[in-house]
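Those protein sequence lines, which keep their order, are chains S and U.
Its first residue numbered 76, the first sequence is counted upward by one per residue in our numbering.
Its first residue numbered 73, the second sequence is counted upward by one per residue in our numbering.
Worksheet for the structure shown next.
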Amino acid sequence: MASYAKSGDNRYLEQLIALYSNDLYHYLVTQSNTHLAYDVSQQTWLKVIEKRHLYQAQTTPKAWLFKLARNTLIDEYRRQQHFVELDENTHLPAKQSEQSDTNISYEAFDAALKQLSFVQREAITLQQEGFSLADIELITQSSLETIKTRLRYAKQNLKRLLGANNEQA
Amino acid sequence: MNKPDEPFDQKLTQHYKERKARTTLTSVQQKALLNTATHTKPKKFGFTLQLTSLACALGVFAFIVFDNNDGINHAPKTVLNSVFNTIDIHDYSIIKTHEINQAGSYASSINEQKHALDSQLANDLRRHQQRHIEYGTLVKVDNDWYIASCNDEVLVQIKHSLLSDLKGKHAVESNINTGDMLAMAHNGKGQIIALKHAGNGVKQCGA
Chain S
76 MASYAKSGDN
86 RYLEQLIALY
96 SNDLYHYLVT
106 QSNTHLAYDV
116 SQQTWLKVIE
126 KRHLYQAQTT
136 PKAWLFKLAR
146 NTLIDEYRRQ
156 QHFVELDENT
166 HLPAKQSEQS
176 DTNISYEAFD
186 AALKQLSFVQ
196 REAITLQQEG
206 FSLADIELIT
216 QSSLETIKTR
226 LRYAKQNLKR
236 LLGANNEQA
Chain U
73 MNKPDEPFDQ
83 KLTQHYKERK
93 ARTTLTSVQQ
103 KALLNTATHT
113 KPKKFGFTLQ
123 LTSLACALGV
133 FAFIVFDNND
143 GINHAPKTVL
153 NSVFNTIDIH
163 DYSIIKTHEI
173 NQAGSYASSI
183 NEQKHALDSQ
193 LANDLRRHQQ
203 RHIEYGTLVK
213 VDNDWYIASC
223 NDEVLVQIKH
233 SLLSDLKGKH
243 AVESNINTGD
253 MLAMAHNGKG
263 QIIALKHAGN
273 GVKQCGA
């Protein structure tokens with residue numbers, strides 16, 4: 076990223092796309108839908124081209140990229156007048172099923188993830204994506220404590236939704 | 073942050089990986105993305121456009137402000153300084169305008185500054201047409217002349233068209249300067265037919 080920011084050489088851009096495009100797309104699909112995710116993904120890469128001079132080497136390229144993508148997605152939501160659920164402390168009701176955490180299906184996990192609020196789903200997704208808390212702070216422009224709270228609630232809610240109430244967060 | 077010893081976190085990571093593996097760009101999408109990105113030039117003109125727009129907006133703003141300061145008829149509060157260069161049209165109730173219109177005929181009009189003065193206006197009109205010599209001070213000269221009439225609160229605006237017509241007829245005395253007391257000669261219709269210095273007998277209004 077630093078090389079691309081310095082030179083603007085398309086070879087570096089191609090490397091960045093090869094490295095991160097799927098990670099970025101998955102994050103955007105998780106926070107929206109496949110159609111919007113692809114659209115925002117394209118917009119984000121165009122922003123990388125336009126704003127490469129703003130990249131600072133002390134930031135990890137992936138975190139900077141995700142920050143651009145997140146802002147683009149939120150702008151797109153605002154443009155569409157789609158109001159994002161930003162509730163920090165949502166408690167979702169426990170799922171009434173016999174399913175235990177040992178045999179959670181992919182579909183059940185996917186459905187549970189989709190039920191989380193925007194910010195909780197985002198926090199857990201970014202954490203699973205391998206970002207540090209500092210990176211998540213940068214991407215979401217939220218405080219450390221806020222992020223920890225979101226992660227805690229996200230996990231509690233996932234456990235409830237997947238019928239794993241016996242687990243402690 | 074991760075706690076691999078906790079079974080739920082392990083399940084979470086496992087499901088996340090599976091979900092991610094299933095949610096990828098198709099090869100066609102990835103190629104399209106590459107193509108779009110690598111064939112796009114940075115839009116530097118965006119910033120330039122913003123600067124240009126700002127400059128244009130400032131230009132228009134400045135034009136409006138300065139244009140209004142120059143035109144007595146456009147600004148609600150006009151003009152210059154207190155020594156005859158300044159005319160504040162709010163000091164006057166009525167502005168009489170005399171000109172030769174585009175059809176070549178004499179035209180005069182009176183602009184009311186206060187709508188409540190309709191009856192007063194009718195009286196002034198009558199006086200305007202009856203008077204043969206009207207005195208006033210030349211207070212401003214641009215394309216037109218502005219004469220503060222000794223008839224209280226009346227500003228006489230003589231437009232460039234009438235001035236040219238009168239000068240062509242040698243009906244305007246030479247060496248008239250801002251601040252001079254003038255005599256405006258009217259014909260029986262109230263039209264100004266000559267402009268000259270008021271003379272030694274009339275140095276100021278009421279004299």
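The C-beta atom is built at its ideal place from N, Cα and C for all residues, glycine as well.
What you are looking at is a predicted structure, and each value in this text was computed from that prediction instead of being measured.
message: With H, G and I counted as helix, E and B as strand and the rest as coil, what does DSSP make of U/GLY240?
response: Secondary structure at U/GLY240: helix, using DSSP grouped into helix, strand and coil.
task: Output the boundary residues of the beta strand (DSSP E) element that contains U/LYS212.
output: 205–213
Unbroken beta strand (DSSP E) run spanning U/GLN229, endpoints: 226–230
Rounded C-alpha distance that separates S/LYS81 from S/ALA144: 21 Å
message: For the beta strand (DSSP E) containing U/HIS111, name the first residue and the last one.
response: Where U/HIS111 is concerned, there is no enclosing beta strand (DSSP E), given that its DSSP letter is neither H nor E.
- prompt: Start and end of the beta strand (DSSP E) containing U/ILE219?
  reply: From DSSP, the beta strand (DSSP E) with U/ILE219 extends over 217–221.
query: Should S/LEU140 and S/VAL123 be called a contact, given that it needs their Cβ atoms to be closer than 8 Å?
result: Yes. Within cutoff.
query: Are any of the Cβ atoms in chain S nearer than 8 Å to that of U/THR108?
result: yes
message: With three or more beta-carbon pairs closer than 8 Å as the criterion, would you say the segment 238–248 of chain U touches the segment 220–227 of chain U?
response: no
task: Output yes or no for whether 8 Å exceeds the beta carbon distance between U/LEU210 and U/THR250.
output: Going by C-beta atoms, U/LEU210 is nearer than 8 Å to U/THR250.
query: DSSP three-state call for U/GLY260: helix, strand or coil?
result: coil
task: Name, in chain order, the residues that DSSP records as bridge partners for U/HIS87.
output: Beta-bridge pairing links U/HIS87 to no other residue.
Distance between beta carbons of S/THR109 and S/THR40, contact taken as under 8 Å: Only positions 76 to 244 of chain S appear in the structure, and residue 40 of chain S is not among them; the question remains open.
- prompt: Does the distance from the C-beta atom of U/LEU254 to that of U/LYS231 stay below 8 Å?
  reply: no
query: Any Cβ of chain U within less than 8 Å of the Cβ of S/HIS101?
result: yes
message: Counting only C-beta atoms, is S/PHE184 closer than 8 Å to chain U at any point?
response: yes
- request: Determine the DSSP secondary structure at S/LEU99, reduced to helix, strand or coil.
  value: helix
- request: For S/GLU89, go through chain U and note every residue whose CB falls closer than 9 Å to its CB, in chain order.
  value: Against chain U, the beta carbon of S/GLU89 has neighbours under 9 Å at LEU106, ALA109, THR110, listed in chain order.
query: Mind listing which residues of the segment 113–140 of chain S have their C-beta closer than 8 Å to chain U's C-betas, in chain order?
result: TYR113, SER116, GLN117, TRP120, LEU121, VAL123, ILE124, GLU125, ARG127
field: Limits of the unbroken alpha helix (DSSP H) element including S/PHE206
entry: Taken as a continuous stretch (DSSP letters only), S/PHE206 belongs to no alpha helix (DSSP H), as it is neither H nor E.
query: Helix, strand or coil for S/ILE211 per DSSP?
result: helix
query: Is the shortest distance between the beta-carbon of U/GLU90 and the beta-carbons of chain S less than 8 Å?
result: Yes, because at least one Cβ of chain S sits closer than 8 Å to the Cβ of U/GLU90.
message: Could you give the first and the last residue of the continuous alpha helix (DSSP H) run that contains S/LEU233?
response: According to the DSSP assignment, S/LEU233 belongs to the alpha helix (DSSP H) that extends over 219–236.
query: Shortest alpha-carbon distance to S/GLU212 belongs to which of S/TYR100, S/LEU129, S/LEU88, S/THR134?
result: When only C-alpha atoms are compared, the closest one is S/THR134.
Of the listed residues U/ILE265, U/CYS277, U/LEU105, U/ASN215, nearest to U/HIS204 (C-alpha basis): U/ILE265
task: Determine, using beta carbons only, whether S/TYR95 and S/LYS137 come nearer to each other than 8 Å.
output: In this structure, S/TYR95 places its C-beta atom within 8 Å of the C-beta atom of S/LYS137.
- prompt: Since S/VAL104 meets chain U, which of its residues come closer than 7 Å, beta carbon to beta carbon?
  reply: THR95
- request: Determine the closest residue to S/ILE92 out of U/LEU84, U/THR96, U/THR85, with distance taken between C-alpha atoms.
  value: U/THR96
Contacting positions in the segment 184–208 of chain S - beta carbon closer than 7 Å to chain U: For the segment 184–208 of chain S, which is checked against every Cβ of chain U, the residues closer than 7 Å are PHE184, ASP185, GLN202, GLN203, LEU208.
- prompt: Below 8 Å between beta carbons: does that hold for U/ALA104 and S/LEU88?
  reply: no
message: Within 8 Å of any Cβ in chain S, is that where the Cβ of U/HIS87 sits?
response: yes
field: Through-space distance from S/ALA187 to S/LEU236, alpha-carbon basis
entry: 6 Å
query: Given S/ARG196, which residues of its chain have a CB within under 8 Å of its CB, disregarding the five upstream and five downstream residues?
result: The beta carbon of S/ARG196 is closer than 8 Å to those of THR105, GLN106, LEU188, LYS189, ALA229 in its chain, skipping five residues each way along the sequence.
query: So with Cβ pairs under 8 Å, would you call S/ASN97 a contact of chain U?
result: yes
query: Among U/LYS89, U/VAL244, U/ASP252, which has the Cα closest to the Cα of U/GLY271?
result: Answer by Cα proximity: U/ASP252.
- request: Quick one: residues in its chain with C-beta nearer than 8 Å to the C-beta of S/LYS223, no 5 flanking neighbours on either side, listed in chain order?
  value: Excluding positions up to five away in sequence, the list reads LEU208.
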